[in-house]
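I have placed the structure first, in the form of C-alpha coordinates, so that the comments after it can refer back to it.
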Amino acid sequence: MRFRSFFFSSSIFSLSHSRSPSLSSSPFSSLSAAMSPALEKSRQGNGGCNDDSKSKVTVVGSGNWGSVAAKLIASNALKLPSFHDEVRMWVFEEVLPNGEKLTDVINKTNENVKYLPGIKLGRNVVADPDLENAVKEANMLVFVTPHQFMDGICKKLDGKITGDVEAISLVKGMEVKKEGPCMISSLISKQLGINCCVLMGANIANEIAVEKFSEATVGYRGSREIADTWVQLFSTPYFMVTPVHDVEGVELCGTLKNVVAIAAGFVDGLEMGNNTKAAIMRIGLREMKALSKLLFPSVKDSTFFESCGVADVITTCLGGRNRRVAEAFAKSRGKRSFDELEAEMLQGQKLQGVSTAKEVYEVLKHCGWLEMFPLFSTVHQICTGRLQPEAIVQYRENKL
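No gaps in the numbering here: position 326 of the sequence shown is 326 in the UniProt record's numbering, and each next residue is one more.
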(Lines of atoms letter the chains of each structure in order from A and count residues from 1; the text may use other names and numbers.)
(Lines give C-alpha, C1' and ligand atoms only; values in the text may rest on other atoms or scores of the structure.)
Protein backbone atom coordinates (compact mmCIF):
# COMPACT_ATOMS: atom_id res chain seq x y z
CA MET A 1 0.00 0.00 0.00
CA ARG A 2 2.84 2.40 0.73
CA PHE A 3 4.23 1.76 -2.75
CA ARG A 4 0.88 2.47 -4.40
CA SER A 5 0.39 5.67 -2.42
CA PHE A 6 3.85 6.89 -3.35
CA PHE A 7 3.27 6.01 -7.02
CA PHE A 8 -0.03 7.88 -7.02
CA SER A 9 1.50 10.95 -5.41
CA SER A 10 4.41 10.93 -7.83
CA SER A 11 2.02 10.56 -10.76
CA ILE A 12 -0.13 13.50 -9.70
CA PHE A 13 2.98 15.62 -9.20
CA SER A 14 4.20 14.82 -12.69
CA LEU A 15 0.75 15.56 -14.11
CA SER A 16 0.82 19.04 -12.67
CA HIS A 17 3.83 19.68 -14.88
CA SER A 18 2.44 18.15 -18.10
CA ARG A 19 -0.46 18.13 -20.17
CA SER A 20 -15.50 -8.06 -39.64
CA PRO A 21 -12.64 -7.44 -41.96
CA SER A 22 -10.56 -9.94 -43.90
CA LEU A 23 -7.20 -10.90 -42.49
CA SER A 24 -5.51 -10.83 -45.86
CA SER A 25 -2.24 -8.93 -45.71
CA SER A 26 -0.41 -6.65 -48.08
CA PRO A 27 3.18 -7.29 -49.20
CA PHE A 28 5.56 -6.30 -46.43
CA SER A 29 7.99 -3.61 -47.44
CA SER A 30 11.14 -2.50 -45.65
CA LEU A 31 9.80 -0.88 -42.51
CA SER A 32 13.06 -0.34 -40.70
CA ALA A 33 13.77 2.57 -43.02
CA ALA A 34 10.98 4.42 -41.28
CA MET A 35 12.86 4.36 -37.98
CA SER A 36 15.19 7.10 -36.86
CA PRO A 37 19.01 6.67 -37.00
CA ALA A 38 19.04 6.87 -33.20
CA LEU A 39 16.77 3.84 -32.98
CA GLU A 40 18.89 1.91 -35.48
CA LYS A 41 21.96 2.62 -33.36
CA SER A 42 20.23 1.71 -30.11
CA ARG A 43 19.12 -1.62 -31.56
CA GLN A 44 22.77 -2.69 -31.63
CA GLY A 45 22.84 -2.76 -27.85
CA ASN A 46 21.11 -1.29 -24.83
CA GLY A 47 22.06 -1.31 -21.19
CA GLY A 48 24.57 -4.12 -21.61
CA CYS A 49 21.92 -6.72 -22.64
CA ASN A 50 22.53 -8.91 -25.65
CA ASP A 51 19.83 -8.32 -28.29
CA ASP A 52 19.07 -12.05 -28.38
CA SER A 53 18.17 -12.04 -24.69
CA LYS A 54 15.78 -9.11 -24.90
CA SER A 55 12.02 -9.47 -25.03
CA LYS A 56 10.39 -8.36 -28.27
CA VAL A 57 6.86 -6.99 -28.22
CA THR A 58 4.22 -7.01 -30.94
CA VAL A 59 0.88 -5.24 -30.60
CA VAL A 60 -1.80 -7.10 -32.56
CA GLY A 61 -4.24 -4.33 -33.45
CA SER A 62 -3.97 -0.67 -34.36
CA GLY A 63 -7.28 1.00 -33.67
CA ASN A 64 -7.77 3.81 -31.17
CA TRP A 65 -6.88 1.77 -28.06
CA GLY A 66 -4.32 -0.37 -29.87
CA SER A 67 -2.42 2.72 -30.97
CA VAL A 68 -2.44 4.11 -27.42
CA ALA A 69 -1.20 0.75 -26.10
CA ALA A 70 1.64 0.84 -28.63
CA LYS A 71 2.54 4.36 -27.46
CA LEU A 72 2.69 3.28 -23.81
CA ILE A 73 4.75 0.19 -24.56
CA ALA A 74 7.11 1.97 -26.96
CA SER A 75 8.02 4.62 -24.38
CA ASN A 76 8.95 1.92 -21.86
CA ALA A 77 10.72 -0.36 -24.34
CA LEU A 78 13.29 2.38 -24.94
CA LYS A 79 13.96 2.73 -21.22
CA LEU A 80 13.98 -0.88 -20.06
CA PRO A 81 17.19 -2.82 -20.86
CA SER A 82 15.36 -6.16 -20.92
CA PHE A 83 13.21 -5.14 -23.91
CA HIS A 84 14.10 -4.71 -27.54
CA ASP A 85 13.62 -1.10 -28.63
CA GLU A 86 11.48 -1.88 -31.67
CA VAL A 87 7.76 -2.44 -31.08
CA ARG A 88 5.85 -3.96 -33.98
CA MET A 89 2.19 -3.10 -34.48
CA TRP A 90 0.04 -5.20 -36.78
CA VAL A 91 -2.19 -2.97 -38.88
CA PHE A 92 -5.14 -4.18 -40.90
CA GLU A 93 -4.24 -2.50 -44.16
CA GLU A 94 -6.53 0.28 -45.36
CA VAL A 95 -6.26 2.76 -48.20
CA LEU A 96 -6.80 6.34 -47.05
CA PRO A 97 -8.82 8.87 -49.07
CA ASN A 98 -5.58 10.32 -50.50
CA GLY A 99 -4.67 6.90 -51.91
CA GLU A 100 -1.88 6.14 -49.42
CA LYS A 101 -1.77 2.95 -47.39
CA LEU A 102 -2.34 3.37 -43.67
CA THR A 103 0.81 1.43 -42.73
CA ASP A 104 2.96 3.60 -44.99
CA VAL A 105 1.56 6.76 -43.43
CA ILE A 106 2.09 5.47 -39.88
CA ASN A 107 5.71 4.58 -40.62
CA LYS A 108 6.33 7.88 -42.39
CA THR A 109 4.62 10.22 -39.92
CA ASN A 110 4.81 8.15 -36.69
CA GLU A 111 1.07 8.75 -36.31
CA ASN A 112 -2.09 6.70 -36.84
CA VAL A 113 -3.85 9.41 -38.78
CA LYS A 114 -7.13 7.50 -38.98
CA TYR A 115 -7.64 6.15 -35.47
CA LEU A 116 -5.44 8.37 -33.29
CA PRO A 117 -4.74 11.58 -35.20
CA GLY A 118 -2.43 14.17 -33.72
CA ILE A 119 -0.59 11.74 -31.42
CA LYS A 120 3.00 10.58 -32.02
CA LEU A 121 3.35 6.88 -31.26
CA GLY A 122 7.11 6.81 -30.75
CA ARG A 123 9.77 6.43 -33.42
CA ASN A 124 10.36 2.84 -32.36
CA VAL A 125 6.82 1.77 -33.34
CA VAL A 126 6.85 -0.01 -36.71
CA ALA A 127 3.55 -0.71 -38.46
CA ASP A 128 3.33 -4.04 -40.28
CA PRO A 129 0.38 -5.13 -42.47
CA ASP A 130 1.49 -8.80 -42.44
CA LEU A 131 0.14 -10.49 -39.31
CA GLU A 132 2.45 -13.50 -39.40
CA ASN A 133 5.51 -11.35 -40.05
CA ALA A 134 4.58 -8.96 -37.26
CA VAL A 135 4.55 -11.69 -34.60
CA LYS A 136 7.23 -14.09 -35.87
CA GLU A 137 10.10 -12.89 -33.63
CA ALA A 138 8.02 -11.60 -30.72
CA ASN A 139 7.87 -13.34 -27.38
CA MET A 140 5.37 -10.89 -25.86
CA LEU A 141 2.08 -10.43 -27.73
CA VAL A 142 -0.45 -7.72 -26.93
CA PHE A 143 -3.89 -8.41 -28.42
CA VAL A 144 -6.12 -5.36 -28.82
CA THR A 145 -8.70 -5.73 -31.58
CA PRO A 146 -12.52 -5.83 -31.64
CA HIS A 147 -13.45 -9.14 -30.02
CA GLN A 148 -15.47 -10.38 -33.01
CA PHE A 149 -12.22 -10.68 -35.02
CA MET A 150 -10.20 -12.61 -32.47
CA ASP A 151 -11.27 -16.10 -33.54
CA GLY A 152 -10.08 -15.43 -37.09
CA ILE A 153 -6.82 -13.90 -35.89
CA CYS A 154 -6.09 -16.89 -33.65
CA LYS A 155 -6.84 -19.33 -36.46
CA LYS A 156 -4.45 -17.47 -38.75
CA LEU A 157 -1.72 -17.61 -36.09
CA ASP A 158 -2.34 -21.26 -35.15
CA GLY A 159 0.96 -23.11 -35.47
CA LYS A 160 2.90 -19.90 -36.11
CA ILE A 161 3.66 -19.10 -32.45
CA THR A 162 6.68 -20.99 -31.20
CA GLY A 163 9.00 -20.80 -28.23
CA ASP A 164 8.43 -19.25 -24.81
CA VAL A 165 5.74 -16.67 -25.63
CA GLU A 166 3.49 -14.72 -23.27
CA ALA A 167 0.33 -12.86 -24.24
CA ILE A 168 -1.94 -10.23 -22.77
CA SER A 169 -5.44 -9.38 -23.99
CA LEU A 170 -6.89 -5.87 -23.94
CA VAL A 171 -9.91 -7.22 -25.84
CA LYS A 172 -13.35 -6.71 -24.30
CA GLY A 173 -15.86 -9.39 -25.21
CA MET A 174 -16.47 -13.12 -25.31
CA GLU A 175 -17.10 -15.91 -27.78
CA VAL A 176 -20.31 -17.89 -27.29
CA LYS A 177 -19.88 -21.52 -28.27
CA LYS A 178 -22.13 -24.56 -27.96
CA GLU A 179 -20.43 -25.59 -24.75
CA GLY A 180 -20.89 -22.11 -23.26
CA PRO A 181 -19.08 -18.76 -23.10
CA CYS A 182 -15.37 -18.60 -23.89
CA MET A 183 -13.40 -15.60 -22.69
CA ILE A 184 -10.96 -14.08 -25.19
CA SER A 185 -7.95 -14.86 -22.97
CA SER A 186 -9.03 -18.52 -22.95
CA LEU A 187 -9.48 -18.47 -26.72
CA ILE A 188 -5.92 -17.18 -27.13
CA SER A 189 -4.50 -19.71 -24.68
CA LYS A 190 -6.31 -22.70 -26.19
CA GLN A 191 -5.75 -21.90 -29.86
CA LEU A 192 -2.17 -20.67 -29.58
CA GLY A 193 -0.97 -22.73 -26.62
CA ILE A 194 0.35 -19.77 -24.63
CA ASN A 195 -0.40 -18.19 -21.28
CA CYS A 196 -2.57 -15.07 -21.52
CA CYS A 197 -3.09 -12.31 -18.95
CA VAL A 198 -5.60 -9.48 -19.38
CA LEU A 199 -5.52 -5.70 -18.95
CA MET A 200 -8.77 -3.83 -18.31
CA GLY A 201 -9.71 -0.59 -16.61
CA ALA A 202 -11.26 2.85 -16.72
CA ASN A 203 -9.42 3.68 -19.91
CA ILE A 204 -10.82 6.09 -22.45
CA ALA A 205 -8.07 5.90 -25.03
CA ASN A 206 -8.02 9.51 -26.17
CA GLU A 207 -7.49 10.72 -22.61
CA ILE A 208 -4.55 8.38 -22.05
CA ALA A 209 -3.13 9.41 -25.43
CA VAL A 210 -2.72 12.99 -24.14
CA GLU A 211 -1.29 11.65 -20.88
CA LYS A 212 -4.14 12.34 -18.48
CA PHE A 213 -3.82 10.23 -15.34
CA SER A 214 -5.68 6.92 -15.25
CA GLU A 215 -5.45 3.40 -13.82
CA ALA A 216 -5.72 -0.13 -15.16
CA THR A 217 -5.80 -3.67 -13.80
CA VAL A 218 -3.74 -6.64 -15.00
CA GLY A 219 -5.47 -9.94 -14.31
CA TYR A 220 -3.19 -12.96 -14.11
CA ARG A 221 -3.17 -16.64 -13.14
CA GLY A 222 -0.29 -18.66 -11.83
CA SER A 223 2.99 -16.89 -11.14
CA ARG A 224 3.05 -13.22 -10.19
CA GLU A 225 6.30 -12.79 -12.14
CA ILE A 226 4.73 -12.40 -15.59
CA ALA A 227 2.11 -10.01 -14.21
CA ASP A 228 4.89 -7.80 -12.86
CA THR A 229 6.54 -7.83 -16.29
CA TRP A 230 3.34 -6.61 -17.95
CA VAL A 231 2.89 -3.97 -15.24
CA GLN A 232 6.44 -2.78 -15.91
CA LEU A 233 5.81 -2.64 -19.67
CA PHE A 234 2.60 -0.60 -19.45
CA SER A 235 3.17 1.63 -16.41
CA THR A 236 4.00 5.31 -16.82
CA PRO A 237 3.69 8.27 -14.44
CA TYR A 238 0.22 8.91 -15.93
CA PHE A 239 -0.90 5.26 -16.31
CA MET A 240 -0.87 3.28 -13.07
CA VAL A 241 -1.29 -0.49 -13.42
CA THR A 242 -2.14 -2.90 -10.58
CA PRO A 243 -1.89 -6.72 -10.79
CA VAL A 244 -4.80 -8.87 -9.54
CA HIS A 245 -4.77 -12.67 -9.31
CA ASP A 246 -8.16 -13.05 -11.06
CA VAL A 247 -8.10 -13.28 -14.86
CA GLU A 248 -11.79 -14.17 -15.22
CA GLY A 249 -13.00 -11.44 -12.87
CA VAL A 250 -10.93 -8.72 -14.51
CA GLU A 251 -11.88 -9.83 -18.03
CA LEU A 252 -15.59 -10.14 -17.31
CA CYS A 253 -15.63 -6.66 -15.79
CA GLY A 254 -14.11 -5.27 -18.98
CA THR A 255 -16.59 -7.22 -21.09
CA LEU A 256 -19.86 -6.69 -19.24
CA LYS A 257 -19.46 -2.99 -18.49
CA ASN A 258 -20.08 -2.23 -22.18
CA VAL A 259 -23.61 -3.62 -21.83
CA VAL A 260 -24.18 -1.33 -18.85
CA ALA A 261 -22.85 1.59 -20.90
CA ILE A 262 -25.45 0.88 -23.60
CA ALA A 263 -28.15 1.10 -20.92
CA ALA A 264 -26.68 4.38 -19.64
CA GLY A 265 -26.76 5.73 -23.19
CA PHE A 266 -30.47 4.94 -23.46
CA VAL A 267 -31.07 6.89 -20.24
CA ASP A 268 -29.13 9.88 -21.59
CA GLY A 269 -30.90 9.80 -24.93
CA LEU A 270 -34.29 9.83 -23.24
CA GLU A 271 -33.15 12.59 -20.82
CA MET A 272 -34.18 10.57 -17.78
CA GLY A 273 -31.70 12.36 -15.52
CA ASN A 274 -28.79 11.58 -13.23
CA ASN A 275 -30.76 9.69 -10.58
CA THR A 276 -31.97 7.19 -13.17
CA LYS A 277 -28.50 6.85 -14.64
CA ALA A 278 -27.01 6.19 -11.20
CA ALA A 279 -29.62 3.50 -10.59
CA ILE A 280 -28.84 1.84 -13.92
CA MET A 281 -25.13 1.88 -13.11
CA ARG A 282 -25.74 0.29 -9.69
CA ILE A 283 -28.03 -2.41 -11.08
CA GLY A 284 -25.58 -3.01 -13.90
CA LEU A 285 -22.65 -3.47 -11.52
CA ARG A 286 -24.73 -5.85 -9.42
CA GLU A 287 -25.60 -7.96 -12.48
CA MET A 288 -21.96 -7.90 -13.61
CA LYS A 289 -20.84 -9.30 -10.28
CA ALA A 290 -23.64 -11.89 -10.08
CA LEU A 291 -23.09 -13.22 -13.61
CA SER A 292 -19.31 -13.32 -13.20
CA LYS A 293 -19.57 -15.43 -10.06
CA LEU A 294 -22.12 -17.77 -11.62
CA LEU A 295 -19.85 -18.38 -14.61
CA PHE A 296 -16.63 -18.53 -12.58
CA PRO A 297 -17.09 -19.09 -8.83
CA SER A 298 -13.40 -18.24 -8.30
CA VAL A 299 -14.03 -14.57 -9.18
CA LYS A 300 -13.10 -12.36 -6.25
CA ASP A 301 -15.43 -9.73 -4.77
CA SER A 302 -12.47 -7.35 -4.39
CA THR A 303 -11.91 -7.31 -8.17
CA PHE A 304 -15.04 -5.19 -8.61
CA PHE A 305 -13.43 -2.43 -6.57
CA GLU A 306 -10.38 -2.26 -8.85
CA SER A 307 -10.08 0.01 -11.89
CA CYS A 308 -11.49 -2.78 -14.08
CA GLY A 309 -14.67 -2.86 -11.97
CA VAL A 310 -16.57 0.08 -10.55
CA ALA A 311 -14.19 2.67 -12.02
CA ASP A 312 -14.62 1.30 -15.55
CA VAL A 313 -18.41 1.22 -15.15
CA ILE A 314 -18.38 4.88 -14.13
CA THR A 315 -16.12 6.16 -16.90
CA THR A 316 -17.80 4.07 -19.62
CA CYS A 317 -21.26 5.24 -18.57
CA LEU A 318 -20.13 8.88 -18.53
CA GLY A 319 -18.11 8.80 -21.76
CA GLY A 320 -16.99 6.35 -24.40
CA ARG A 321 -18.39 5.17 -27.69
CA ASN A 322 -20.98 2.68 -26.40
CA ARG A 323 -22.79 5.27 -24.30
CA ARG A 324 -22.58 7.86 -27.07
CA VAL A 325 -24.01 5.67 -29.84
CA ALA A 326 -26.72 4.28 -27.54
CA GLU A 327 -27.73 7.84 -26.71
CA ALA A 328 -28.17 8.59 -30.43
CA PHE A 329 -30.16 5.35 -30.84
CA ALA A 330 -32.54 6.34 -28.03
CA LYS A 331 -32.96 9.87 -29.39
CA SER A 332 -34.10 8.36 -32.69
CA ARG A 333 -36.52 6.14 -30.71
CA GLY A 334 -34.89 3.14 -32.33
CA LYS A 335 -35.60 4.29 -35.88
CA ARG A 336 -31.89 4.37 -36.76
CA SER A 337 -30.01 1.10 -36.46
CA PHE A 338 -26.86 0.61 -34.45
CA ASP A 339 -25.02 -0.41 -37.64
CA GLU A 340 -25.98 2.89 -39.27
CA LEU A 341 -25.00 4.92 -36.22
CA GLU A 342 -21.72 3.04 -35.81
CA ALA A 343 -20.72 3.78 -39.40
CA GLU A 344 -21.66 7.43 -39.04
CA MET A 345 -20.24 8.19 -35.60
CA LEU A 346 -17.19 5.96 -35.07
CA GLN A 347 -15.14 6.47 -38.25
CA GLY A 348 -14.26 2.81 -38.68
CA GLN A 349 -14.08 1.87 -35.00
CA LYS A 350 -16.30 -0.95 -33.78
CA LEU A 351 -19.05 -0.88 -31.18
CA GLN A 352 -18.59 -3.62 -28.58
CA GLY A 353 -21.64 -3.25 -26.32
CA VAL A 354 -24.33 -4.35 -28.77
CA SER A 355 -22.57 -7.56 -29.82
CA THR A 356 -21.64 -8.30 -26.21
CA ALA A 357 -25.29 -7.79 -25.15
CA LYS A 358 -26.29 -10.39 -27.74
CA GLU A 359 -23.66 -12.84 -26.51
CA VAL A 360 -24.65 -12.32 -22.87
CA TYR A 361 -28.32 -12.82 -23.78
CA GLU A 362 -27.48 -16.13 -25.49
CA VAL A 363 -25.64 -17.31 -22.38
CA LEU A 364 -28.50 -16.27 -20.10
CA LYS A 365 -31.07 -17.97 -22.31
CA HIS A 366 -29.02 -21.15 -22.59
CA CYS A 367 -28.59 -21.34 -18.81
CA GLY A 368 -32.20 -20.34 -17.98
CA TRP A 369 -31.06 -17.15 -16.23
CA LEU A 370 -32.95 -14.47 -18.19
CA GLU A 371 -35.26 -13.52 -15.31
CA MET A 372 -32.31 -13.21 -12.95
CA PHE A 373 -30.68 -10.52 -15.11
CA PRO A 374 -33.42 -8.12 -16.21
CA LEU A 375 -31.09 -5.25 -17.16
CA PHE A 376 -28.85 -7.35 -19.39
CA SER A 377 -31.90 -9.01 -20.98
CA THR A 378 -33.66 -5.72 -21.58
CA VAL A 379 -30.62 -4.06 -23.19
CA HIS A 380 -30.42 -6.79 -25.84
CA GLN A 381 -34.15 -6.65 -26.56
CA ILE A 382 -33.98 -2.88 -27.04
CA CYS A 383 -30.95 -3.22 -29.32
CA THR A 384 -32.81 -5.71 -31.52
CA GLY A 385 -36.00 -3.64 -31.66
CA ARG A 386 -38.16 -5.99 -29.60
CA LEU A 387 -38.55 -3.31 -26.95
CA GLN A 388 -38.53 0.48 -27.10
CA PRO A 389 -35.68 2.39 -25.37
CA GLU A 390 -38.11 3.47 -22.61
CA ALA A 391 -38.23 -0.15 -21.46
CA ILE A 392 -34.82 0.30 -19.84
CA VAL A 393 -36.60 1.31 -16.60
CA GLN A 394 -39.85 -0.63 -17.10
CA TYR A 395 -39.00 -3.83 -15.31
CA ARG A 396 -38.94 -5.08 -11.76
CA GLU A 397 -35.43 -5.73 -10.49
CA ASN A 398 -34.98 -9.30 -9.34
CA LYS A 399 -32.92 -9.79 -6.22
CA LEU A 400 -30.26 -12.48 -6.30
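Quick reminder that beta carbons are idealized off the backbone N, C-alpha and C, glycines included. Keep in mind that this is a model prediction, so the values were computed, not measured.
Comparing C-alpha positions only, which one of A311, P243, G269 and S355 sits nearest to A328? G269
For the segment 79 to 91 against the segment 167 to 185, do three or more pairs of beta-carbon atoms, one drawn from each stretch, fall closer than 8 Å, so that the two count as touching? no
Going by DSSP, what residue range makes up the beta strand (DSSP E) through W369? From DSSP, W369 is part of no beta strand (DSSP E); its letter is neither H nor E.
Check the DSSP bridge columns for S151 and list the partner residues they point to. For the sequence presented, residue 151 should be read as Asp rather than Ser. The partner list for D151 (beta bridge, DSSP) is empty, contrary to what the question assumes.
Exposed or buried, what is G348 when buried is set at 16 or more other beta-carbons lying within 10 Å of its beta-carbon? exposed
Rounded C-beta distance between S186 and V198? I'm assuming under 8 Å. Between V198 and S186 the Cβ distance is about 10 Å, and since that is not below 8 Å, they are no contact.
CA-to-CA distance, I283 to K399, given in whole angstroms: Low confidence applies to K399: its pLDDT is 44, below 50, so where it sits in the model is not reliable, and the reading given next is rough at best. Rounded to whole angstroms, K399 to I283 spans 10 Å at the Cα level.
Per DSSP, which one or two residues make a beta bridge with I168? V142 and C197
Could you tell me the distance, in whole angstroms, from the CA atom of N76 to the CA atom of F239? Cα-Cα distance, rounded: 12 Å.
On the DSSP letters alone, give me the boundaries of the beta strand (DSSP E) that T58 sits inside. Run containing T58: S55 to V60, per the beta strand (DSSP E) assignment.
For L351, which residues from the same chain have a beta carbon less than 6 Å from its beta carbon, with the 5 sequence-adjacent residues on both sides left out? V325 and E342
Using 8 Å as the cut-off, can you tell me whether the segment 117 to 136 makes contact with the segment 213 to 224, which would need three or more C-beta pairs spanning the two stretches below that distance? no
Does DSSP put D228 in a helix, a strand or coil? helix
According to DSSP, residues forming a beta bridge with A216: V241
Nearest neighbour of G122, chosen from N110, G385, A202 and L131 [CA to CA]: N110
How big is the Cα-Cα spacing for K300 and F373? When rounded, the distance between both Cα atoms is 20 Å.
Curious, which full-length alpha helix (DSSP H) runs of at least 4 residues does the segment 256 to 296 contain? 274 to 295
Outcome for E306 when other beta-carbon atoms lying within 10 angstroms are tallied against a minimum of 16: buried
Limits of the alpha helix (DSSP H) - the one that F329 falls within: R321 to K331
Whole-angstrom Cβ separation of D128 and T103, contact assumed at under 8 Å? At roughly 7 Å, the Cβ-Cβ gap stays under 8 Å, so D128 and T103 are in contact.
For residue 408, which of D158, S292 and F149 has the nearest alpha-carbon? This structure gives no information on residue 408, because the portion of the chain shown stretches from 1 to 400.
How would you write the range of the beta strand (DSSP E) that W339 sits in, first residue to last? Position check: residue 339 holds Asp in this sequence, whereas Trp was assumed. Segment F338 to M345 is the alpha helix (DSSP H) holding D339; no beta strand (DSSP E) there.
Need the endpoints of the beta strand (DSSP E) that V126 sits in, please. V125 to D128
Could you pull the start and end residues of the alpha helix (DSSP H) that G122 belongs to? That residue, G122, is in no alpha helix (DSSP H); it is neither H nor E in DSSP.
Just to confirm, is the Cβ distance from V125 to V60 under 8 Å? no
Going by Cα to Cα distance, which pick from V113, N107, D85 and H84 is closest to N98? V113
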